[in-house]
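S.K.: Under my numbering, residue 218 is the last one in the sequence shown; the count climbs by one each step, no gaps. What follows is a structure written as structure tokens; I'll ask about it next.
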Amino acid sequence: MKVYTKTGDKGTTALFGGTRVPKDHARIESYGTVDELNSHIGLIRDQEMNAHYKEILIEVQDRLFTVGAILATPPDKEVKKNGELRLKNLGIIDSDIELLENEIDTMEEALPPMTHFVLPGGHTTVSYCHIARCVCRRAERLAVHLSHNEPVAEIAIQYLNRLSDYLFVLARKLSHDLKADEVQWIPRK
């Protein structure tokens with residue numbers, strides 16, 4: 030199988046199920062941003078850190094492939110002609126969100142309470158987390174935008190929402206673990 034097919038040379042691409050849409054379609058923007066997010070998560074995972082965080086990030090990357098598949102499947106193509114679900118055995122479930130919530134709670138127990146907004150930075154790994162958080166928020170916004178025009182599994186949007194929270198807390202926890210400066214934004218008086 031060749032990497033190049035030339036089928037997209039005129040600015041269209043295929044969704045799961047074969048429907049062709051313009052490459053700037055909301056569905057493409059949505060799952061393309063999830064793909065971008067997955068690459069940023071890989072960059073975070075490549076940094077020196079606790080092995081547990083790396084395990085969680087691998088799990089997150091796996092779930093993001095699932096979110097991408099959900100977003101790449103138009104509602105009219107969710108069921109194949111033979112009656113089988115196109116994404117059989119794929120999906121985001123409540124326990125995926127609970128895993129992120131449990132990780133957030135565990136990390137927050139080891140952190141001082143926040144009293145102000147945190148400025149991104151202090152260490153390269155922490156900055157990578159903040160970049161991934163911002164991309165995650167964009168992916169969430171695009172999925173919500175798509176949901177205004179076509180059905181989108183609500184749990185996929187919930188997962189992206191919780192993941193951005195996880196990435197924020199991971200940035201704070203890594204700041205703490207790496208003894209990096211966490212600078213809090215204090216408004217002018």
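The beta carbon of each residue, even a glycine, is placed where N, CA and C say it ideally should be.
#1: Note down, in chain order, each residue of its chain lying with its Cβ closer than 7 Å to the Cβ of E132, except the 5 sequence neighbours on either side.
#2: Note down the Cα distance separating V181 from K218, rounded to an integer number of angstroms.
#3: Output the distance between the C-alpha atoms of V198 and K39, rounded to the nearest integer angstrom.
#4: With the cut-off set at 9 Å, would you say Q187 and I99 are in Cβ contact?
#5: Out of T34, H81 and A209, state which residue places its alpha-carbon closest to the alpha-carbon of S156.
#6: Go to A43, then tell me how far its beta strand (DSSP E) extends in each direction, as first and last residue.
#7: Let me know the secondary structure DSSP gives V50 once reduced to three states.
#8: What do you reckon, are the CB atoms on L203 and T154 nearer than 9 Å?
#9: Let me know the secondary structure DSSP gives V155 once reduced to three states.
M.R.: Concretely, from the data shown:
#1: Taking the first residue of the sequence shown as 1, we reach residue 132 at position 103. Only I85 and Y195 meet the Cβ criterion.
#2: The residue you call residue 181 lines up with position 152 of the sequence shown. The residue you call residue 218 lines up with position 189 of the sequence shown. Cα to Cα, V181 sits roughly 44 Å from K218.
#3: Looking up residue 198 in the sequence shown gives position 169. Looking up residue 39 in the sequence shown gives position 10. Rounded to the nearest angstrom, the two C-alpha atoms are 42 Å apart.
#4: Counting from one through the sequence shown, the residue named residue 187 turns up at place 158. Counting from one through the sequence shown, the residue named residue 99 turns up at place 70. No, the Cβ-Cβ distance between Q187 and I99 is not below 9 Å.
#5: Taking the sequence shown and counting its residues from 1, the one referred to as residue 156 is at position 127. Checked all of T34, H81 and A209; the closest Cα to S156 is A209.
#6: Here residue 43 is taken as the residue at index 14 of the sequence shown, counted from 1. T41 to A43 is the extent of the beta strand (DSSP E) around A43.
#7: Residue mapping note: residue 50 aligns to position 21 of the sequence shown, counting from 1. It is a strand residue.
#8: Along the sequence shown, read from residue 1 onward, the residue named residue 203 stands at position 174. Along the sequence shown, read from residue 1 onward, the residue named residue 154 stands at position 125. Yes. Within cutoff.
#9: The sequence position of residue 155 within the sequence shown is 126, counting from 1. Three-state result, V155: helix.
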